[in-house]
Amino acid sequence: MIIRKKFRFEGAHIVRNCTSQRCRENIHGHSYEVEVFLKSDQLDNGFMVMDFVRLNNVAEFIHSFDHSYTLWDKETEDVKEAIYRINTRVAEIPVSPSAEGYALLFFFVIDLIIANISLVNGEGIVKLHAVRVHETLSGYAEASAEDMSLVRFTLADIRFNEGIKKEWKDKTWWIKVNNP
Ligand SMILES: [Zn+2]
Numbered sequence: 037m038i039i040r041k042k043f044r045f046e047g048a049h050i051v052r053n054c055t056s057q058r059c060r061e062n063i064h065g066h067s068y069e070v071e072v073f074l075k076s077d078q079l080d081n082g083f084m085v086m087d088f089v090r091l092n093n094v095a096e097f098i099h100s101f102d103h104s105y106t107l108w109d110k111e112t113e114d115v116k117e118a119i120y121r122i123n124t125r126v127a128e129i130p131v132s133p134s135a136e137g138y139a140l141l142f143f144f145v146i147d148l149i150i151a152n153i154s155l156v157n158g159e160g161i162v163k164l165h166a167v168r169v170h171e172t173l174s175g176y177a178e179a180s181a182e183d184m185s186l187v188r189f190t191l192a193d194i195r196f197n198e199g200i201k202k203e204w205k206d207k208t209w210w211i212k213v214n215n216p
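Residue numbers (the working numbering): 37 to 216.
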């Protein structure tokens, strides 16, 4: 059985090398919707796949990108310097921040978060099924496990700056994801 939880964030980026000149040459923003699909082989004691309240670290992760600049780590050093100089919140990531890149990055991290959630109410084997990232009202990109072969990176390649970290409600969640 599959359940879905929807998150939102307001994010800024440039998508280098894309076909649209406007998108590849200008800082601009989108109101993103992120759908997280979970599946399980059985229901918990409350006849749920997993109570959504257990997804607080997933929310913390996605909201790290809210009112942040998402910086591709392949940007030139002068662009990086300017982005860090003018923004308080910067997330530096190893994929270009297209909807596809976000979907793959989010699948990678949320899969680790889900794997580390302790089962407390008779849940079955809960797994991340897919992550769908809507950049506009009319289009989305969806990533699942089989798509992860499209990219190659590790958690160490994802960097949240202090402006983001200091606003985390649970300051330890990222350490826990890195040290399961
Ligand atoms: Zn865009």
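The beta carbon of each residue, even a glycine, is placed where N, CA and C say it ideally should be.
query	result
So, at 6 Å on beta carbons, what are the nonlocal neighbours of HIS49 in its own chain, with the 5 sequence-adjacent residues on each side left out?	THR106, PRO133
Report the partner residues of SER104 according to the DSSP bridge assignment.	GLY47
Whose beta carbon lies closer than 7 Å to any heavy atom of ligand 1, going through the chain in order?	HIS49, VAL51, CYS59, HIS64, HIS66, GLU171
May I have the straight-line CA-CA distance separating ASP206 from GLY199, to the nearest angstrom?	14 Å
Of all the CB atoms in chain C, is at least one closer than 8 Å to the CB of GLN78?	The structure shown contains no chain C; it is built from a single protein chain.
For LEU173, count neighbouring C-beta atoms within 10 Å of its own C-beta (all shown protein chains included) and say buried if the count is 16 or more, exposed if not.	exposed
Rounded to whole angstroms, what's the CA-CA distance from ASN81 to ARG60? Just pull it up for me.	49 Å
Who pairs with HIS218 in a beta bridge, going by DSSP?	Nothing about residue 218 can be reported from this structure: the residues present for the chain run from 37 to 216 only.
If we count Cβ pairs, one from each stretch, closer than 8 Å, do we get three or more for the segment 129 to 144 versus the segment 172 to 192?	yes
Please classify ILE98: does DSSP put it in a helix, a strand, or coil?	helix
Touch check for the segment 69 to 81 and the segment 157 to 170: three-plus C-beta pairs under 8 Å?	yes
According to the neighbour-count rule (16 or more other Cβ atoms, all chains shown, within 10 Å of its Cβ), is ALA151 buried or exposed?	exposed
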